[in-house]
Ligand SMILES: [Zn+2]
Ligand SMILES: [Zn+2]
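Numbering (our numbering), first residue to last: 2 to 239.
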C-alpha cells in the first residue's frame with residue numbers, strides 16, 4: 002500500500018479490512034538487512050500486526066499441545082508406566098502433591114463425604130463407633146503429628162474449643178487475626194519485638210477463664226514469652 006496523506010499527515014490504510022487509515026507512526030517499519038522494503042512499513046498497523054502475531058502464536062501453541070496430547074494418548078501405557086515409576090521413585094513428593102490437592106479441595110471433599118454419610122446414616126454411625134474404639138492409639142498419634150505440622154491451626158482450634166467451653170460462643174476468624182497482626186505491624190504489644198524475630202500468639206485481654214470471649218476485640222497479639230508472662234491476668238496492652 003502506498004503512503005496516503007490525510008490533513009498533511011503521512012499514513013497508510015491498514016491491510017486489515019476492518020481497520021482503516023492510520024498515521025505512519027502506527028505502523029512498524031519493514032526492513033530487510035536494514036533497507037526499507039516497499040513503502041518501508043508493514044502492511045498492517047501495529048495494533049493489527051500485534052493482534053495477528055498473538056493469534057498465530059496462540060494457534061501454534063494450541064496445535065503443539067494437541068500434537069502432544071495425541072502422542073501421549075497413543076502411548077498411554079508407556080506414559081502410565083513412566084508415571085508409576087516416577088511416583089515410586091518420589092513417594093514423598095507425590096504425598097505432598099496429594100496433601101496439597103486435598104487441602105485445596107477440602108470443602109468439596111467434606112461436602113461429598115457428608116452427602117455419602119447422609120445417605121446411609123446408621124451404617125456410618127456403626128462404623129464410626131467401631132473405628133473410634135479400635136483406633137484410639139492411632140488417633141492420639143495423628144493428633145500429635147497434626148499439631149507438629151500445623152501448630153497455628155491446632156492452637157486456633159484449641160482456642161475455639163476453650164472459648165466454647167467457657168461459655169463464650171463468639172470466636173474470631175483467621176482473617177480477623179491476620180488483620181489484627183497487620184494493624185499492629187506484626188509487633189508484640191508488650192515487648193515491641195516484631196515477627197519473624199518472634200512468633201505472635203493470640204492473647205485474650207480478659208482471659209477466657211475469667212469469662213472473656215474469643216472475639217477479635219478481646220484479642221491482642223503478644224509473643225509467646227509475653228503471653229506466658231501475662232498468664233491469667235487481665236492486662237490490656239492496646
Ligand atoms: Zn489496523
Ligand atoms: Zn513480647
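Glycine included, every Cβ here is placed at the ideal spot set by N, Cα and C.
Checklist entry - What does DSSP give as the partner residues of residue 11 in its beta bridges? => result As a first step, residue 11 must be located in the chain shown, where it is residue number 10. Its beta-bridge partners are 6.
Checklist entry - Are the beta-carbon atoms belonging to residue 182 and residue 208 less than 9 Å from one another? => result Translated into positions along the chain shown, residue 182 becomes position 181. Translated into positions along the chain shown, residue 208 becomes position 207. Cβ distance not < 9 Å, so residue 182 and residue 208 don't count as in contact.
Next on the checklist: Residues around ligand 1, please: the ones whose beta-carbon is closer than 7 Å to some heavy atom of it, in chain order.
Outcome noted: 15, 17, 20, 23, 45, 46, 48, 49
Item to check | Cβ contact check for the segment 185-202 and the segment 129-148: 3 or more pairs under 8 Å | outcome: no
Item to check | Residue span of the alpha helix (DSSP H) that contains residue 227, given as start and end | outcome: If you number the chain shown from 1, residue 227 lands on position 226. Per DSSP, residue 227 belongs to the alpha helix (DSSP H) from 225-231.
Next on the checklist: Between which two residues does the alpha helix (DSSP H) holding residue 73 run?
Outcome noted: If you number the chain shown from 1, residue 73 lands on position 72. That run of the alpha helix (DSSP H) goes 47-75.
Checklist entry - What are the residues that DSSP puts in a beta bridge with residue 33? => result Position 32 of the chain shown holds residue 33. Partner(s): 36.
Checklist entry - Per DSSP, what kind of secondary structure is residue 238 in: helix, strand or coil? => result On the chain shown, position 237 is the one that residue 238 refers to. Three-state DSSP puts residue 238 in coil, outside helix and strand.
Next on the checklist: Classify residue 28: buried if its beta carbon has 16 or more other beta carbons within 10 angstroms, exposed otherwise.
Outcome noted: Sequence index remark: in the chain shown, residue 28 carries index 27 (1-based). With 16 or more other Cβ atoms within 10 Å, it is buried.
Item to check | Cross-strand partners of residue 42 (DSSP beta bridge) | outcome: Locating residue 42 in the chain shown gives position 41, where the first residue counts as 1. The partner list for residue 42 (beta bridge, DSSP) reads 30.
Checklist entry - What residues sit near ligand 4, counting only those whose C-beta is closer than 5 Å to one of its heavy atoms, in chain order? => result With respect to ligand 4, the structure offers nothing, as its ligand set consists of ligand 1 and ligand 2.
Checklist entry - Would the segment 195-209 and the segment 223-239 be scored as touching if the rule is three or more Cβ pairs under 8 Å? => result yes
Item to check | Range of the contiguous beta strand (DSSP E) that encloses residue 23 | outcome: As a position in the chain shown, residue 23 is number 22, starting the count at 1. It spans 22-24 - the beta strand (DSSP E) in which residue 23 sits, taken as one unbroken run.
Checklist entry - Along the chain, where does the beta strand (DSSP E) that runs through residue 205 open and close? => result The count along the chain shown starts at 1 and reaches residue 205 at position 204. Taken as a continuous stretch (DSSP letters only), the beta strand (DSSP E) holding residue 205 covers 201-205.
Item to check | Own chain, CB closer than 7 Å to residue 15, minus 5 neighbours either side, in chain order | outcome: The count along the chain shown starts at 1 and reaches residue 15 at position 14. Closer than 7 Å at Cβ, skipping near neighbours: 21, 23, 45, 46, 49.
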